[in-house]
Structure formats: C-alpha cells, structure tokens
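Residue numbers (our numbering): 7 to 801.
Here's the structure, in structure tokens; my notes come after.
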C-alpha cells in the first residue's frame, strides 16, 4: 500500500511485563487481515497477510528481530471443513507509519509498522468447485494484556480470517479478488468528543461491499501453544468474551457507541471512557445481490481524556483568499496554503487520508478531491484541529482532434501535414512544448522529429483542449564507399567494395552510370575497373546514393627470387637475393635479407619474397631451403684388432648418407661401404669421407692397430722341477690392461691379476693348490676380445 494511506495514529498500549522468552507470544501484533489478489490466470493468486506491529512494545520486550519471517496459512472447505491447502508466506516488507501528531505519538510511545507476508501461490481450480465456498485462516496467541474491553486479553489468541467463493463453479472459471482494506488514519479518540475513522475496503472486481462490526475471534491458541500444532479442522472459531458493560452493540461504549456505516465503512463514536479497545470489522462481498466472500480486520483504538488545549483551526487559502472550492485545468495544478508557525505541526489530507510527507504550509495539488489540513501543537500533546473542506475539481476542456495528411514516420527530407479538427476559436501550435510561430491556423507542415501539439481555446473558456501527435523522422542511410585492399585491381585479383552502412535491405550497385548488380549485401567483389556507386535502401524504405568511387587496374609487378642451396653449416647465415630491391623476406629464421639456419632449425623451410609497387600491387615468390642436420660422423681414435680376425669398422653417424669412401682400400672388405670389415696385415690409418643426399660432406680418421693373439697353455706343473712351474701366457704383453681370473671348482676366485707381469705359480694364499681342473677368464678390455677356458694343474 502507498504510505499516504498509513494511519496517523494507531493507539494501543503494551503491558510493562514480558512473558518468558521460551513462549514468544503475539502481543506485539495489534491488528491485521488477509486478502487474496487474482493474478490473471485461473488458480493464480497473491496471498497477503497484513500485521500491524507495536514497535515500541517490541523494543521494550527485548525481542526485536525475533518474530516470524515465515508463517503458514491454512485453506479449508466451508461445507466439509476439510483441509484443502496450506501455504507459506514470507515476510516481504516492513514500513513504519508516519504520525499526524508527532508530539502525542512520542508521548504515548507510539511507533507502529505495517508488516506484510506474501506469496504468489497456485490453487487447483478443479478442486475448488464447491458452491459453499472456502476460507483461509491464521491463528496466534496472545493479545495485548492492556486491552480494556475483553476478558483475559493476555491469555487468548487472535484469528485472521477470509472467505472466498468457488474458483470453478459449474465448470466455469470465476474471476475474483477479495476486498482489500485501506489503512485508515488512526486518530485517537477523545472522551465525550465525536470521532470518525475511515475503515473501508477496495474491490478490484467492482463488487458491492457491506460492512458491520463483529466480535473479535480468539481461536484455539494458548499461552502454552502460541501457534497451531497441526492444521486441525474446526467447525467454528470461538469469539472473545466482553467485559461487563461491553457488548456487540457497545464495543466502545459512550453517548454514541462505536458504529459503522454499512455502505461506506466509516466508523463513528463518542466515547464515554478512556481505554484501549479492540474491535473487528467484517466486510461482505456481494455480486448480483449474492454474498460471494467475506473479509475481517481486527483493530485497536485508544480513547484518551484529551488535553483541553487546542490550536486555532487552520484556514486553507488559495490566491490569498479563504477557499472552499477551487478548480484548475486538466493537466495543470493548484496551490493550497495555510498559516504556519513553529508552535504548530501540519498534516495535509486528501479525502480524509493523510498525504505522505505533506507537512508544510503549501500543498500543490494535481488531482481532484476534498482537501483538508490538520493542525496540532508542536511541543505539547493536545487535541488537534482541522480546516474547512476545500473541494478541488477539474475544469472541463474542449475537445480538439489532430490528424495527419500522411504517414507520421518518414525519411529525412520529407514532411507531413498536421490538421486540427477545430477551425473556430483560437488555435496555438507547439513543437516539443515550445510555441511555434503559426498563429491561429488549422494546419501546419511537420518536417522534424518530435511531438507536435495543438491547443484549442473555446470562447469564454481559459482551459484549452490539447491533442498531440508524435512525428518520427528516419535518418537516411550512410552511403560512402571504401575498397579493400586498395581501389586498384592488381593483375587478375579482385577488389571488394564496401558500403559503410550494413543495415540496408537492398543495395543497388552501379558501374559507369548503369545498374550492375542488385543485392542484399553491403559488399561487392569486382575484377573490372570503372566508376562505382551504390544506392542503399534501409528497412524504413529510406534511400541514399554514394558519391562516385573510381577503381583502376594495373598488372602485377615482375619479381625474381634466387634459389637457395642446401645449408650444411648451420652456423653460417645465408644471404637472400630478390629483385626488384626493396621487398620483404619472410619465413623461419629470416632477419632482414638473411636466412639464419641456426634459428630456423633442421629441415625444409619456405621463404617468401614479397614486393609492393607504387600502385600498391603486390607479387611474391617462394623458395624452399633445406637445412641439413649435423652429420655427426665420428670414429674412435684407435681400433685394436687381432691379426687374421675381420673386425667391423665402428662408425657413428646421425644422418643417412648417399656415398662413403675409405682410403687406403687395403685390408677392407669394401671401401665404398659405410661400415666395412677390416683385416689388415699390419697396423694402418684409414680416412672415411661421406656425403649426404643434400650434398653435405664430412671426414674422419681411425688407426687400426694389429696385434698378435695370445697363446694360453691348458696345463702346467708347479712342482719346482724347473719345467713349466708357472702358467706362462705368450702374447699377453700386447694386452697390458688385461685382467686375469682363475676359479676353483666351486666358482671361487683363487687368483686375480691386473696385467700379467708375474705368471701364476699355482698357489693360493701362499699354499699350493690341489691338482685338478680349474677355469680361467681373461678380460683384455678391448672391445670384442675375451678369453676363457679350463686349466689343469699337475704335480
């Protein structure tokens, strides 16, 4: 709800003591109601439960912020009392009221908020077909213990209750929203003083509403069970018990007990005593004379023995004169004024409803209605006074029509005629609210985009009739041409022409003054020279033609790019040769006009030479350069071979070779093989030369050393007879780094020698070994040469 409908006073008191925190009760809730609003589809509604909270009482209780953020409402059938649905509503808003008399509000500890719980929910209309209708209910305990007119208010609960009709009676959807109570101006009542309070509701469907006072419901919640423990069906809900001296006819007794106008919902009262009084208002929703729904609101009203001090009644003036009725032209406004003084507080009202924020001496009004201003003392809580009622109305304005002689939307450079329907009286024309120099003429020509307004004044009426039309002028499409890459056709290449406007629906391309192509694209590719233009038609039908654009043709430049030999030495940069000079070389390892094979790496690389002439035409040639991997040819410095035993040459190389050549050829199996076998008669030095398939060459040398074989005896007799007393190996001197091992029958080493300068004498640890068979192994430490066998020791 708009804050302008908030009550200026909602007077109630809270008890000064608190119930235990374990039973968080509802004595902060001082009233409220339920409503449901149809959301445009059968079964879709917004449920709202409104509560009015005593913020001052909440602050005193120490429970601020501890109240529900979610609550549950239950839906029952009126006929069967069967539970139909239950919905959770979330706290959606909380807004504090503005009070008309702030001094009295502060003195009475009045701070009140409207708290809303809402949810958009879905009912199944096929389940809600019972003509008896349905009801929604929410219960909570307990009430404010300071209430004066019911028994044990601090121990009984409250019930918010709403009835609604079937949603699909007889198979047809019924569209209905419940009555929605407005928030009243909560005035406090004074003892023995007449009091009125607006307590009406609005109905979105225009149904007839009838009001009556009813006894508040207390339901089934208790101090021990402040919320229902389960959604139990009830045949009825108990009502509050009136204190002695109170009844349905005297909810607030006095010379004029509390009563309500059954048609307008206005409450009236002349109270006979002070107190805080609870009451309920029921509004019945009638359609075609039949009751279809019912809504209830509970409320509390404080009656005070008012301070007799009263400020003088305010007087509302307009144009410095007391006013009871004023009028202004439709679309205009008027000002109402009253006297001001620091001792007074002011609150303006429209139709008896406070206008939010309207607390100054001047009020600008732009709506018809009945306006008043309430005056109270700024520093003392006392009775306030109200001004005379000022009826504000709108002056009828004459009717004037405005028509166009053509479309109101046209292209830049066009126009449309505007014709007023009235020819008598006075006509004034405006463009975007600025007056045009077109005095009293019934028609004008519009060329610019904007709002055109005609004012028509009838004779004797100062309020003009107005009519406006909106003119829209669509800009012409941009129509300049560009070419890519140049406006020159180089050799057999093409040029792409582009219109800088891409939103066209049609492009008419012209060459040498004649239509050439009609397309939907803003680009055109051509291989023909000429003078080009394009006519663009946009989505609005607006057209524009570009300026002439010349495209010429020229042959490609002639260029030459020398071949590049394979590269064997990767550390040597290779110069690149292309003509005409001034072109650009590109490719791996290219810097300027040189190719760096070390950067490019091994393998084939494509190098491009591009030359651009003065016309911007480019031509290019490519060459492939091969970078050979390092051949990696290597031979050991020396190869030792046994005389008469062919040995493979130990050549190491990284790349395949096309040719190999050894010199001298003596002692080689085939001097043209990369790895021949060698078996020379005596030691020689050989040279190997290889060439790859790319023509790269490499050389290496090796010395082949020929040595004699060892002669190894198979037996000896270490008996100190001077004959064969040691194991003498002939030729062992050719292997100075050899290692000699002798093993017994169990595989244990009984003799080891690095080199064989001293032959074995047949002992082990100073003792002669037993006669018998032993094994030996001689490692020459030359690749491929190793001796092993058996040795017999004799005595």
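Glycine is no exception: its CB is placed at the ideal position from the N, C-alpha and C atoms.
Note that the structure is predicted; figures quoted are calculated from it, not measured.
Residues in its own chain within less than 8 Å of residue 119 by CB, not counting five upstream and five downstream?
-> Correct list, in chain order: 58, 59, 61, 100, 101, 102, 103.
Per the contact definition of three or more C-beta pairs closer than 8 Å, is the stretch 268-284 in contact with the stretch 199-217?
-> Contact between the stretch 199-217 and the stretch 268-284 is present: three or more C-beta pairs spanning the two stretches fall below 8 Å.
How about residue 203 and residue 193: do their beta carbons lie closer than 8 Å?
-> In contact: residue 203 and residue 193 (Cβ atoms closer than 8 Å).
Beta-ladder partner(s) of residue 392, from DSSP | According to the DSSP secondary-structure assignment, residue 392 is paired through a beta bridge with 380.
So what does DSSP say about residue 799, is it helix, strand or coil?
-> Correct three-state label for residue 799: strand.
Buried or exposed for residue 443, please, with buried defined as at least 16 other CB atoms from any protein chain shown within 10 angstroms of its CB.
-> It counts as exposed.
Ends of the beta strand (DSSP E) at residue 778?
-> Element bounds for residue 778: 778-788.
Can you tell me which of the three DSSP states residue 186 falls into?
-> It is a strand residue.
Three-state class that DSSP yields for residue 494 in the structure shown = Looking at residue 494 - three-state DSSP - the assignment turns out to be strand.
Three-state secondary structure (DSSP) at residue 61?
-> If DSSP states are grouped into helix, strand and coil, residue 61 belongs with the helices.
Output yes or no for whether 8 Å exceeds the beta carbon distance between residue 406 and residue 390.
-> With contacts defined by Cβ atoms closer than 8 Å, residue 406 and residue 390 do not form a contacting pair.
Spatial neighbours of residue 222 within its chain, please: CB distance less than 6 Å, with the 5 preceding and 5 following residues excluded, ordered by chain position.
-> The beta carbon of residue 222 lies closer than 6 Å to those of 246, 284, 286, 304 in the same chain, with the five residues before and after it left out.
Per DSSP, the bridge partner or partners of residue 51 = According to DSSP, which records beta bridges pairwise, residue 51 is partnered with 44, 127.
What separation, rounded to the nearest whole angstrom, lies between the Cα atoms of residue 623 and residue 502?
-> One C-alpha to the other measures close to 15 Å.
Starting from residue 39, follow its DSSP beta bridges and name the residues at the other end.
-> Residue 39 pairs with 56, 303.
Mark residue 261 as exposed unless 16 or more other C-beta atoms lie within 10 angstroms of its C-beta, in which case mark it buried.
-> Around the beta carbon of residue 261, fewer than 16 other beta carbons lie within 10 angstroms, which makes this residue exposed.
Where residue 660 falls: helix, strand or coil (DSSP) | Coil.
Note the first and the last residue of the continuous alpha helix (DSSP H) segment covering residue 605.
-> That run of the alpha helix (DSSP H) goes 603-606.
State the CB to CB distance for the pair residue 156 and residue 306, rounded to an integer number of angstroms; the pair is presumed to be in contact (CB under 8 Å).
-> About 11 Å; that fails the 8 Å criterion.
Does the separation of the CB atoms of residue 533 and residue 495 fall below 8 Å?
-> Contact: yes.
Decide if residue 571 is buried, meaning its Cβ has at least 16 other Cβ atoms within 10 Å, or exposed.
-> It counts as exposed.
Per-residue burial, residue 716 [other beta carbons within 10 Å of its own, 16 or more giving buried] = Buried, because 16 or more other Cβ atoms sit within 10 Å of the Cβ of residue 716.
Using 10 angstroms around the beta-carbon of residue 629, count the other beta-carbons present and answer buried if the total reaches 16, otherwise exposed.
-> Buried.
Three or more beta-carbon pairs under 8 Å between the stretch 312-321 and the stretch 383-400, yes or no?
-> In short, these stretches touch, since the Cβ pair count reaches three.
Residue 88, DSSP secondary structure in three states | Residue state, collapsed to three classes: coil.
Can you grab the Cα-Cα spacing for the pair residue 757 / residue 782, in whole Å?
-> Their backbone Cα atoms lie some 9 Å apart in a straight line.
Taking DSSP as the reference, what is the three-state secondary structure of residue 738?
-> In this structure, residue 738 counts as helix in the three-state DSSP scheme.
Below 8 Å on the Cβ atoms is my guess for residue 382 versus residue 351; work out the distance and round it to an integer in Å.
-> Separation of the CB atoms of residue 382 and residue 351 is rounded to 5 Å, and the pair is thereby assigned contact status at 8 Å.
Between the stretch 699-707 and the stretch 728-748, do at least 3 Cβ pairs fall closer than 8 Å?
-> Short answer: they don't touch.
Between which two residues does the beta strand (DSSP E) containing residue 266 stretch?
-> Judged by DSSP secondary structure, residue 266 falls within the beta strand (DSSP E) whose first and last residues are 262-266.
Looking only at its own chain, which residues have a Cβ that is under 6 Å from the Cβ of residue 517, when we skip the five neighbours before and after it?
-> Same-chain partners within the cutoff: 536, 538.
Please list, in chain order, all residues of the same chain as residue 332 whose beta carbon is under 7 Å from its beta carbon, the five residues on each side excluded.
-> 324, 340, 396, 398, listed in sequence order.
Can you list, in chain order, the stretches of the beta strand (DSSP E) that have 3 or more residues and sit fully within the stretch 187-215?
-> Counting whole runs of 3 or more residues, the stretch 187-215 contains the beta strand (DSSP E) stretches 200-204.
Starting from the C-beta of residue 744, find all residues in its chain whose C-beta is less than 7 Å away, skip the five residues before and the five after it, and write them out in chain order.
-> Only 738, 761, 762, 784, 785, 786, 787 meet the Cβ criterion.
From what residue to what residue does the beta strand (DSSP E) around residue 478 run?
-> 471-480 is the extent of the beta strand (DSSP E) around residue 478.
Continuous beta strand (DSSP E) stretch holding residue 756: start and end = From DSSP, the beta strand (DSSP E) with residue 756 extends over 755-760.
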